[in-house]
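Written out below as structure tokens is the structure these notes cover.
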Amino acid sequence: MAERLTNQEVSDATVAAEAEMVPQRVPVNMYETPRAVVVLAPLPAVTSGDVTVELREGQLRFFARLRSAAPREHLLREWDYGGYERELDLPEGFGAGLEASLVNGQLVVRVLRGDFVGDETVSPS
2 MAERLTNQEV SDATVAAEAE MVPQRVPVNM YETPRAVVVL APLPAVTSGD VTVELREGQL
62 RFFARLRSAA PREHLLREWD YGGYERELDL PEGFGAGLEA SLVNGQLVVR VLRGDFVGDE
122 TVSPS
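Counting from 2, one number per residue, gives the positions in the sequence shown under the working numbering.
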């Protein structure tokens, strides 16, 4: 029977893993609509509260914290949960606002068309 870990053990393992990890570079798709530039990115195994999206003049950055890192002995380990990050240069003419949502492990970010109005940070809805 597998040993059951306490909440504190899982929390301690997550903190230790975050201290050692290098965030994974997230692949994206980006396209333009009449009202916004839209960025789509896969973020498996995270929730909206784990994700931060930042708009700076000419740049978009998003990142997600590690969700949970229970210590385990993997037989095969090809990917990690969380610890995602990506920074993108934005095309000219976008920066009038920022919207983000996270549904079924897919982050959708909309940077509204128009003049840059100032730095903005949001969590997805």
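Glycine is no exception: its CB is placed at the ideal position from the N, C-alpha and C atoms.
Cα-Cα separation between Arg-57 and Gly-94, rounded to whole angstroms: 13 Å
Uninterrupted alpha helix (DSSP H) stretches inside the stretch 46 to 103 (no shorter than 4 residues): Qualifying alpha helix (DSSP H) stretches: none in this window.
Spatial neighbours of Arg-62 in its chain, beta-carbon cut-off 6 Å, leaving aside the 5 residues before and after: Glu-55, Glu-88
DSSP-derived helix/strand/coil call for Asn-30: strand
Proximity below 8 Å, CB of Val-38 to CB of Pro-92: yes
CB-CB length for Phe-117 against Gly-96, believed under 8 Å: The Cβ separation is near 3 Å, so the contact holds.
Opening and closing residue of the beta strand (DSSP E) in which Val-38 lies: 37 to 43
Residues near Asp-120 by beta carbon distance below 7 Å, same chain, minus five either side: Leu-56, Arg-57
Helix, strand or coil at Met-2 according to DSSP, with G and I counted as helix: Model confidence at Met-2 stands at a pLDDT of 45, short of 50, so the residue's coordinates are unreliable; what they give is reported in the following sentence. In this structure, Met-2 counts as coil in the three-state DSSP scheme.
Residue(s) in a DSSP beta bridge with Val-23: None, per the DSSP bridge assignment.
Chain-order list of residues whose beta-carbon lies under 7 Å from that of Arg-111 (same chain, five-residue window excluded): Ala-37, Val-39, Glu-100
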